[in-house]
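So the sequence shown is numbered by this note's numbering: it starts at 145 and just counts up by one.
Idealized CB from N, CA, C, for every residue including glycine.
What follows is a single structure, written as structure tokens, with notes after it.
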Amino acid sequence: TKRATMFMWHEGQAGRGWQEVSSCLLKYIKSLPPTVKKIVAFSDNCGGQNKSALIVKFWSYVVANTEIESIEHRIFVPGHSFMECDQDFAVIENAKKRSEREIFVPEDWHRMVAKASRRFMVVKMEYFDFVSLEGPPLDNYLVKKVSGIQKMTWFRIEKRNP
145 TKRATMFMWH EGQAGRGWQE VSSCLLKYIK SLPPTVKKIV AFSDNCGGQN KSALIVKFWS
205 YVVANTEIES IEHRIFVPGH SFMECDQDFA VIENAKKRSE REIFVPEDWH RMVAKASRRF
265 MVVKMEYFDF VSLEGPPLDN YLVKKVSGIQ KMTWFRIEKR NP
């Protein structure tokens, strides 16, 4: 789409680890119309968040528990690719520098980000939006060990071929 969805929360609500990012992804996926059957996700090469068995388990969980039939996850090669979201974050940084208003509370951030570009849609995460997927929720997915995950540049999870 031509829109950029910005999930925002303050540090008193949650951290910035894979579970928080997964919670945002899950909230977004649940908001999609049921006609959406395929997702193509792009991410940077961050080993902790994007190149771990946890993200493979998460996508397996999504395919098994939603209407999504397949997910393809592409991981950019460092130094050889550009993520569009990096440009979005630059727009936010520039808006912050140009802003004459000081930012004191999370709502100030929400307003500033929403006004930085007409493309941006701000989603305020609430406590109940964050879910814990560690342990039993994901334990049933991807029982086999994923070998060579640190060298992967893409993978696909399909409902018809789990």
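* Can you round the beta-carbon distance between LYS181 and GLU213 to whole angstroms, since I take them to be within the 8 Å contact cut? -> Position 37 of the sequence shown, counted from the start, is the residue given in the question as residue 181. Position 69 of the sequence shown, counted from the start, is the residue given in the question as residue 213. Right, the Cβ-Cβ distance comes to about 4 Å (below 8 Å), so this counts as a contact.
* Count the other CB atoms within 10 Å of the CB of SER276; is the residue buried (16 or more) or exposed (fewer)? -> Here residue 276 refers to the residue found at position 132 when the sequence shown is read from its first residue. Classification of SER276: exposed, given that the 10 Å Cβ count is below 16.
* Ends of the alpha helix (DSSP H) at TRP298? -> Along the sequence shown, read from residue 1 onward, the residue named residue 298 stands at position 154. No alpha helix (DSSP H) holds TRP298; the beta strand (DSSP E) holding it covers 298–302.
* Contact belief for VAL235 with MET152 at Cβ below 8 Å, rounded distance in angstroms -> One-based indexing of the sequence shown puts residue 235 at position 91. One-based indexing of the sequence shown puts residue 152 at position 8. That belief does not hold up - the Cβ atoms of VAL235 and MET152 are roughly 15 Å apart, past 8 Å.
* Per DSSP, which residues does ILE236 bridge with? Please list them. => Within the sequence shown, numbered from 1, the residue matching residue 236 stands at position 92. None; ILE236 has no bridge partner.
* To do: Over the uninterrupted beta strand (DSSP E) stretch that includes LYS182, give me the two end residues.
  => In the sequence shown, counting from the first residue as 1, residue 182 sits at position 38. Annotation for LYS182: the continuous beta strand (DSSP E) segment containing it runs 182–187.
* To do: Could you name the residues that DSSP lists as bridge partners for THR149?
  => Within the sequence shown, the letter at position 5 stands for residue 149. The partner list for THR149 (beta bridge, DSSP) reads MET265.
* Asked: Roughly how many whole angstroms lie between the Cα atoms of VAL207 and GLU251?
  -> Stepping through the sequence shown from its first residue, residue 207 is reached at position 63. Stepping through the sequence shown from its first residue, residue 251 is reached at position 107. Each residue's Cα considered, the two are about 34 Å apart.
* To do: Locate the beta strand (DSSP E) running through HIS217, then write down its first and last residues.
  => Here residue 217 refers to the residue found at position 73 when the sequence shown is read from its first residue. Residues 214–219.
* Nearest to LYS259 by CA position, among GLY161, ARG160, PHE186, ASP232, is which residue? -> Counting from one through the sequence shown, the residue named residue 259 turns up at place 115. If we check each option's Cα against that of LYS259, ASP232 comes out closest.
* To do: Report the rounded CA-to-CA distance for LYS183 versus THR210, giving the unit in angstroms.
  => Here residue 183 corresponds to residue number 39 of the sequence shown, with the count starting at 1. Here residue 210 corresponds to residue number 66 of the sequence shown, with the count starting at 1. Lys is not the amino acid found at residue 183; the sequence shown has Ile there. Taking the straight line from one Cα to the other gives about 12 Å.
* Coil, strand or helix - PRO250 by DSSP -> Counting from one through the sequence shown, the residue named residue 250 turns up at place 106. Of the three classes helix, strand and coil, the one that applies to PRO250 here is helix, per DSSP.
* To do: Identify the continuous alpha helix (DSSP H) that holds TYR205 and give its terminal residues.
  => One-based indexing of the sequence shown puts residue 205 at position 61. Boundaries of the alpha helix (DSSP H) harbouring TYR205: 197–209, taken from the DSSP string.
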